[in-house]
Ligand SMILES: [Zn+2]
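In our numbering, the protein residues as written are 26 to 268.
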């Protein structure tokens, strides 16, 4: 489906805002950001966040490519006037810790962060699930990454689906509740929530305690039907009325 058709479908479902995921751009089009810019403007949607293209570096030689992915994502974020970009730790957990540190330092401290700063785009590190080859599924893993790349202004993208899968919701909220600036919302396996399950209500109540005002991004599996998405949207419209 073309970008324009996707935006039209999202608009048709009644959404006003989107998160743009770089996954939706084919490699051969990844410098063609004006196509996305024009389609977004035509759709009337607002893009609140952008999900960076990510490459989980398995060898230091791949640093350059990871930097390219990050920078091209930032260029796209600039074109779409997006203030926040979600990032992954980008470095495989299978690498020895000294090499992992060197990769994180070169990718983020030397390249991505200064470029993001120049463009005025905030970065937010996402908690991952256990299937990820990255290294940030729990507090220990996130701290491992943040200890190298954070100088106090790194935000957190809280992926509730991943937190449910890793059973880390409470630990992650205890540590990062006040730093969350984007929420990826879905049930396990990125299935849409269509019922107010207790764990969902508990999570939203905790977010509210932290006076969370950022986006709740429905980040759903590709095979979710339009009916399910509409049902999920209706549920959140209702639940978020008190926010
Ligand atoms: Zn996510």
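Glycine included, every Cβ here is placed at the ideal spot set by N, Cα and C.
>> Assuming residue 161 and residue 114 are in contact, meaning their beta carbons sit under 8 Å apart, how far apart are those beta carbons, in whole angstroms?
In response: The Cβ separation is near 5 Å, so the contact holds.
>> Looking only at its chain, what residues have a beta carbon closer than 7 Å to the beta carbon of residue 140, apart from the 5 residues adjacent to it on each side?
In response: The answer, listed in chain order, is 96, 99.
> Does ligand 1 have even one heavy atom less than 7 Å from the beta-carbon of residue 247?
Replying inline: Outside the cutoff, so no.
> Which runs of the beta strand (DSSP E), 3 residues or longer, sit entirely within the segment 165-190?
Replying inline: Counting only runs of at least 3 residues, the segment 165-190 fully encloses the following beta strand (DSSP E) elements, listed from N- to C-terminal order: 180-184.
>> Can you list, in chain order, the residues of its chain with a C-beta nearer than 6 Å to that of residue 103? Leave out the 5 residues immediately preceding and following it.
In response: Excluding residues within five positions, the ones whose Cβ falls inside 6 Å are 144.
>> Give me the pocket residues for ligand 1, defined as CB within less than 6 Å of any heavy atom, sorted by chain position.
In response: Output, sorted by chain position: 151, 184, 209, 244.
>> What would DSSP say about residue 241, mapped onto helix, strand or coil?
In response: Here residue 241 sits in strand by DSSP.
>> Contact defined as beta carbons within less than 8 Å: I believe residue 241 pairs with residue 205. What is the distance between those atoms, to the nearest angstrom?
In response: The beta-carbon distance between residue 241 and residue 205, rounded to whole angstroms, is 11 Å. This is too long to meet the 8 Å contact definition.
> What residues match up with residue 44 in a beta bridge as DSSP calls it?
Replying inline: Residue 44 is bridged to 74.
>> Checking the sheet assignment: what are the DSSP bridge partners for residue 149?
In response: Per DSSP, the beta bridge partners of residue 149 are 111, 180.
> Going by other Cβ atoms of all chains shown within 10 Å of its Cβ, with 16 needed for buried, is residue 302 buried or exposed?
Replying inline: In this structure the chain extends from 26 to 268, so residue 302 is not present and cannot be described.
> Which whole-angstrom value describes the C-beta separation of residue 219 and residue 256, a residue pair presumed to lie in contact below a C-beta threshold of 8 Å?
Replying inline: The pair is a contact, with the Cβ atoms about 4 Å apart (cut-off 8 Å).
>> With distance defined between alpha-carbon atoms, name the residue in 245, 191, 46, 200 nearest to residue 107.
In response: Restricting attention to 245, 191, 46, 200, the CA atom closest to the CA of residue 107 is found in 46.
> Nearest-angstrom Cα distance between residue 201 and residue 188?
Replying inline: Rounded to whole angstroms, the separation of the alpha carbons of residue 188 and residue 201 is 13 Å.
> Considering only the beta carbon of each residue, do residue 27 and residue 82 sit closer than 8 Å?
Replying inline: Taking 8 Å as the Cβ cut-off, residue 27 and residue 82 do not qualify as a contacting pair.
> Taking Cβ to Cβ, would you say residue 146 is nearer than 8 Å to residue 171?
Replying inline: One thing to note: residue 146 has its Cβ no nearer than 8 Å to the Cβ of residue 171.
> According to DSSP, is residue 209 helix, strand or coil?
Replying inline: In the structure shown, the three-state DSSP call for residue 209 is strand.
>> Is it buried or exposed, residue 155, if we count other Cβ atoms within 10 angstroms and call 16 or more buried?
In response: So residue 155 counts as exposed.
> Do you know whose CA, among 217, 215, 86, 230, lies nearest residue 307's CA?
Replying inline: The chain is shown from 26 up to 268; residue 307 falls before or after that span and cannot be answered.
> Are residue 211 and residue 228 touching if we call contact CB-CB under 8 Å?
Replying inline: No, the pair does not count as a contact, with Cβ atoms beyond the cut-off.
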